[in-house]
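Notes follow once the structure below has been shown.
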Amino acid sequence: MEDCDISPDLDAYNIFWMVYPKIRTYIILIDGLCRAGRVGDAKHILLDQLLSKGLRPNVKIYTMIIGSHFLEGLDEEAEDLFFEMEKSGCVPDSKTYNVIVWMLLKRNEVYKAMSFLEEMYIRGFSADAANLMYRCYEIDYNEKVETIAYWK
Numbered sequence: 009m010e011d012c013d014i015s016p017d018l019d020a021y022n023i024f025w026m027v028y029p030k031i032r033t034y035i036i037l038i039d040g041l042c043r044a045g046r047v048g049d050a051k052h053i054l055l056d057q058l059l060s061k062g063l064r065p066n067v068k069i070y071t072m073i074i075g076s077h078f079l080e081g082l083d084e085e086a087e088d089l090f091f092e093m094e095k096s097g098c099v100p101d102s103k104t105y106n107v108i109v110w111m112l113l114k115r116n117e118v119y120k121a122m123s124f125l126e127e128m129y130i131r132g133f134s135a136d137a138a139n140l141m142y143r144c145y146e147i148d149y150n151e152k153v154e155t156i157a158y159w160k
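For our numbering, count along the sequence shown from 1 and bump the result up by 8.
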């Protein structure tokens, strides 16, 4: 760091604010924060920083943060953010719905997942094959386990 005028303890997060970020820069930062499990920081950037700069978050940003909330077990916050997304005029796409359905199915929240699948259908989106296959596999696997246990 001798060549630069930046102290070694300054991380990328702080350097980020020294530049004038565009929406793509925010996507990269939010993606990194979500992958690092810093969902709160990602949401803070979305709600405070991005909006205060007059930039509108796009569907990709919302989908990343919603998915990360689900991964962290913050299902209620994820669903709230989904509805907030729609209220702000950002229309969810097929990937947004598929992320939500996937996470709900992983938690065996079939009825919640079904309501999102119905909404997908109404909006003209199709479910990702992986979502449907995951659930079919789980049902098939559980039935086989119950059958084996019954016959033992």
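Built from N, CA and C at the ideal position, the CB exists for glycine as well.
Tell me the DSSP secondary structure of E126 in three-state form.
On the sequence shown, position 118 is the one that residue 126 refers to. Taken through DSSP and simplified to helix, strand or coil, E126 comes out as helix.
Given W110 as reference, the closest of G132, D83 and V99 once Cα atoms are compared
Your numbering for residue 110 matches position 102 in the sequence shown. Across the set G132, D83 and V99, the C-alpha of D83 shows the shortest separation from the C-alpha of W110.
Identify whether Y28 lies in helix, strand or coil by the three-state DSSP scheme.
Along the sequence shown, one-based indexing puts residue 28 at 20. Assignment of Y28 by DSSP, reduced to helix, strand and coil, places it in the coil class.
Measuring straight from C-alpha to C-alpha, what distance separates N106 and Y34?
To locate residue 106, count along the sequence shown from 1; it is residue 98. To locate residue 34, count along the sequence shown from 1; it is residue 26. Taken atom to atom, the span from the alpha-carbon of N106 to that of Y34 is near 23 Å.
Could you tell me which of C98, G75, S96 and G97 sits nearest to E87, measuring between CA atoms?
In the sequence shown, residue 87 corresponds to position 79, counting from 1. For E87, the nearest C-alpha among the options comes from G75.
Would Y119 and L89 qualify as a contact pair, given that the criterion is a beta-carbon distance under 8 Å?
Your numbering for residue 119 matches position 111 in the sequence shown. Your numbering for residue 89 matches position 81 in the sequence shown. The answer is no: Cβ separation not under 8 Å.
Cutoff 7 Å; reference K51; Cβ partners in own chain excluding five residues on either side:
Mapped onto the sequence shown, residue 51 falls at position 43. Closer than 7 Å at the Cβ level, and outside the excluded window around K51, lie I73.
Can you list, in chain order, the stretches of the alpha helix (DSSP H) that have 4 or more residues and sit fully within the segment 26-87?
Correct list: 31-43, 47-52 and 67-79.
Out of V47, V67 and Y28, point me to the one whose CA is closest to K193's CA.
There is no way to answer for residue 193, as the model of the chain reaches only from 9 to 160.
Using the rule of at least 16 other Cβ atoms within 10 Å of the residue's Cβ for burial, across every protein chain shown, is Y28 buried or exposed?
Working through the sequence shown from its first residue, we reach residue 28 at position 20. Around the beta carbon of Y28, fewer than 16 other beta carbons sit within 10 angstroms, so the residue counts as exposed.
State the DSSP-derived secondary structure class of S134, mapped to helix, strand or coil.
As a first step, residue 134 is located in the sequence shown; it is residue number 126 there, counting from the start. DSSP, read as helix, strand or coil, puts S134 in coil.
Exposed or buried, which one is M122 when buried takes at least 16 other CB atoms within 10 Å?
Residue 122 sits at position 114 when you count from the first residue of the sequence shown. It counts as exposed.
Expressed to the nearest angstrom, what Euclidean distance is found between the alpha-carbon atoms of I38 and K114?
Your numbering for residue 38 matches position 30 in the sequence shown. Your numbering for residue 114 matches position 106 in the sequence shown. Approximately 24 Å between the Cα atoms of the pair.
Below-8 Å beta-carbon distance, M72 vs any chain D residue:
Absent here is chain D; the protein component of the structure consists of one chain.
Sequence-distant residues of the same chain with beta carbon closer than 8 Å to F124, five excluded per side:
Reading the sequence shown from its first residue, position 116 is the one you call residue 124. Y105, I108, V109 and L112.
F133 to V99 span [Cα, whole Å]
Taking the first residue of the sequence shown as position 1, residue 133 is located at position 125. Taking the first residue of the sequence shown as position 1, residue 99 is located at position 91. Whole-angstrom Cα-Cα distance: 12 Å.
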